[in-house]
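A.B. asks: Input: one structure, supplied below.
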Amino acid sequence: MLTKVPKGMKDVLPAESALWRAMESAMRQAALLAGYREIRTPVLEHTELFARAAGETSDVVRKEMYTFLDKGERSVTLKPESTAGTVRAFLESGLYAQALPLKLYYLNAPHFRYEAPQSGRLREHHQFGMECFGAAQPTAEAELIVLVVNLLAGFGLPNLAVRVNSIGCPKCRPAYQEKFRTYLAGKADSLCKNCVERAQVNPMRALDCKEERCQAQLADAPMMLDCLCEECQEHFEQLKRLLTLSGIRFTVDPRIVRGLDYYTKTVFEVTMETPNGVLTVCGGGRYDGLVEELGGPSIPAVGFGFGMERALMLLEQLPQEERRLQAQNEFPQVFTAFLHKGLLTDAFAVTENFRKAGLRADMDHQGRSLKAQFKYADKLGAPFMAILGDEEVEKGVVKLRDMTTKEEWEVALPEAPQALQKRLG
RNA sequence: GUGGGUAUAGUUCAGCGGUAGAGCGCCAGAUUGUGGCUCUGGAUGUCGUGGGUUCGAACCCCACUACUCACCCCA
Numbered sequence: 003m004l005t006k007v008p009k010g011m012k013d014v015l016p017a018e019s020a021l022w023r024a025m026e027s028a029m030r031q032a033a034l035l036a037g038y039r040e041i042r043t044p045v046l047e048h049t050e051l052f053a054r055a056a057g058e059t060s061d062v063v064r065k066e067m068y069t070f071l072d073k074g075e076r077s078v079t080l081k082p083e084s085t086a087g088t089v090r091a092f093l094e095s096g097l098y099a100q101a102l103p104l105k106l107y108y109l110n111a112p113h114f115r116y117e118a119p120q121s122g123r124l125r126e127h128h129q130f131g132m133e134c135f136g137a138a139q140p141t142a143e144a145e146l147i148v149l150v151v152n153l154l155a156g157f158g159l160p161n162l163a164v165r166v167n168s169i170g171c172p173k174c175r176p177a178y179q180e181k182f183r184t185y186l187a188g189k190a191d192s193l194c195k196n197c198v199e200r201a202q203v204n205p206m207r208a209l210d211c212k213e214e215r216c217q218a219q220l221a222d223a224p225m226m227l228d229c230l231c232e233e234c235q236e237h238f239e240q241l242k243r244l245l246t247l248s249g250i251r252f253t254v255d256p257r258i259v260r261g262l263d264y265y266t267k268t269v270f271e272v273t274m275e276t277p278n279g280v281l282t283v284c285g286g287g288r289y290d291g292l293v294e295e296l297g298g299p300s301i302p303a304v305g306f307g308f309g310m311e312r313a314l315m316l317l318e319q320l321p322q323e324e325r326r327l328q329a330q331n332e333f334p335q336v337f338t339a340f341l342h343k344g345l346l347t348d349a350f351a352v353t354e355n356f357r358k359a360g361l362r363a364d365m366d367h368q369g370r371s372l373k374a375q376f377k378y379a380d381k382l383g384a385p386f387m388a389i390l391g392d393e394e395v396e397k398g399v400v401k402l403r404d405m406t407t408k409e410e411w412e413v414a415l416p417e418a419p420q421a422l423q424k425r426l427g
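In my numbering, the protein residues as written are 3 to 427.
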């Protein structure tokens, strides 16, 4: 147990963290260009916040939350999604009183869901997400969808599928839900246990059911998309026009429902083909009622969550030459080797000198033989060696060796960093 | 919650009733001031835990635990 990471958690080791950083900077840049600024909210929120925001009937709230009592007997929860916390901060700080829209993004935010882990699904995962408050127009959705698609395409990821749907608003949805509930009631005998339950609490969820018999029963079910009020209809038409105009290939999927109850009008998903099936990389939508639901003024909003591990997983499956996201090199540019222990301090000084000049430099810390130092440097991938023996120290020089060409030459100690920089270009 | 699979060296795995193995990695030597390739040598194991069958169990049986994959749901 002691040396075992808790179930569903993952370490990001050095071999991978560089790629994470590359992805992060691409995200920051994209967000910046679209006028979004970073917000960081706590991992922990009052349980009540999620219950209220995501909805008591959602699977997330009902069975997937990391909830516990703190020492003050308050029920707190590790955030399973970030929209609720962002809205809370937005309200608490009074940011809503400033010029709207307010555009926020978060990056690398840890999220927790207590589920059975498997490929592409962890108990702790990290999301990049964007939220736009105070934008009622479909340009807000379009902006986000375009941004995500361009981002993923920019990584070199092919075969993205963008699916959009509208699930109506408080004006048109209740009538539809009633219609749908009636429809389900007539089929209750042929539906799975879950769907019978769904019919009561949130009938639209049945559309998401993967059971074949349910899908067969729902083949001619009424769709929200066909029952939208005039306003929702117009909103959706505009969004489609905007996406088409932006050159985004998308499909309308009337069956997208999303697992969180706060969505209104637009919902969307970006999915990708993987060896293990289709994975959702990004999911989001409009939540015009949530800010008010959480005690604020009536402010429309749109947002999405983007699973960073999932995107990284897909990227790692991509052949190296198709990847357009490249991790920064981390190997030392020069490795200082020294002949014997008596030259330890000289070697240390030389190494530090390289570092002062902004070069990635390293040396042995194990008392290895010269030969072993070369071997080690080779493993690290250092393209140059700086070699110190008694002769060199006496003459005040260091011998530089190009590991590829095996060429060696001597340079005066103080000039070594410059000489190397020249060679490295 | 339901159903598969797996558990042996640092790591990937082979062995499937009779002395615990290989590749990779690690260390050293061949080459006492020079890496990659090659060759030689070396170190490292409660064979997941507990019980049972047997003269004898890493191997067969049972239970447990952990991991993993899939379903549901999701990022």
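C-beta: ideal position from N, C-alpha, C; glycine also.
Who are the near neighbours of G37 in its chain, counting only those whose CB is closer than 6 angstroms to its CB and skipping five residues on each side?
C.D. replies: K105
A.B. asks: Which term fits F135, buried or exposed, when burial requires 16 or more other beta carbons within 10 angstroms of its beta carbon?
C.D. replies: Buried, by the Cβ-count rule.
A.B. asks: I'd like the span of the alpha helix (DSSP H) that includes Q375, first residue to last.
C.D. replies: L372 to L382
A.B. asks: Tell me the residue span of the beta strand (DSSP E) that contains P16.
C.D. replies: No beta strand (DSSP E) holds P16; the alpha helix (DSSP H) holding it covers P16 to L35.
A.B. asks: With DSSP as the reference, label G305 as helix, strand or coil.
C.D. replies: strand
A.B. asks: Under three-state DSSP, which class holds T407?
C.D. replies: The DSSP-derived three-state label of T407 is coil.
A.B. asks: Any heavy atom of the ligand GDP within a distance shorter than 6 angstroms of the CB on V280?
C.D. replies: Of the ligands one can find in the structure shown there are none, so the ligand GDP has no counterpart to examine.
A.B. asks: Would you kindly report the start and end of the unbroken alpha helix (DSSP H) that includes L422?
C.D. replies: A418 to L426
A.B. asks: Does the segment 333–350 come into contact with the segment 369–386, if we say contact requires no fewer than three beta-carbon pairs (one atom in each stretch) closer than 8 angstroms?
C.D. replies: yes
A.B. asks: Which residue marks the beginning of the beta strand (DSSP E) containing A339, and which one marks its end?
C.D. replies: V336 to F340
A.B. asks: What whole-angstrom Cβ distance do L153 and A20 have, given they're in contact under 8 angstroms?
C.D. replies: That pair is no contact at about 18 angstroms.
A.B. asks: From what residue to what residue does the alpha helix (DSSP H) around K105 run?
C.D. replies: Premise fails: K105 lies in the beta strand (DSSP E), L104 to F114, not in any alpha helix (DSSP H).
A.B. asks: Name, in chain order, the residues that DSSP records as bridge partners for C174.
C.D. replies: Answer by DSSP bridge pairing: none, since C174 is not bridged.
A.B. asks: So, P205 versus R183, is the Cβ gap smaller than 7 angstroms?
C.D. replies: It is a contact, given that the beta carbons lie within the stated cut-off.
A.B. asks: Counting only runs of 4+ residues fully inside the segment 253–330, write out the alpha helix (DSSP H) ranges in chain order.
C.D. replies: 292–295 and 310–319
A.B. asks: Measure the Cβ-Cβ separation of R257 and V269 and say whether it is below 7 angstroms.
C.D. replies: no
A.B. asks: Closest by CA to V336, which one among Q420, I301 and K267?
C.D. replies: The residue with the shortest Cα to Cα distance from V336 is Q420.
A.B. asks: When you compare the CB positions of Y185 and A223, do they come within less than 7 angstroms of one another, or not?
C.D. replies: Yes, they are a contact pair.
A.B. asks: Would you give the residue range spanned by the alpha helix (DSSP H) that N152 belongs to?
C.D. replies: T141 to G156
A.B. asks: Could you tell me the distance, in whole angstroms, from the CA atom of A363 to the CA atom of L382?
C.D. replies: 11 angstroms
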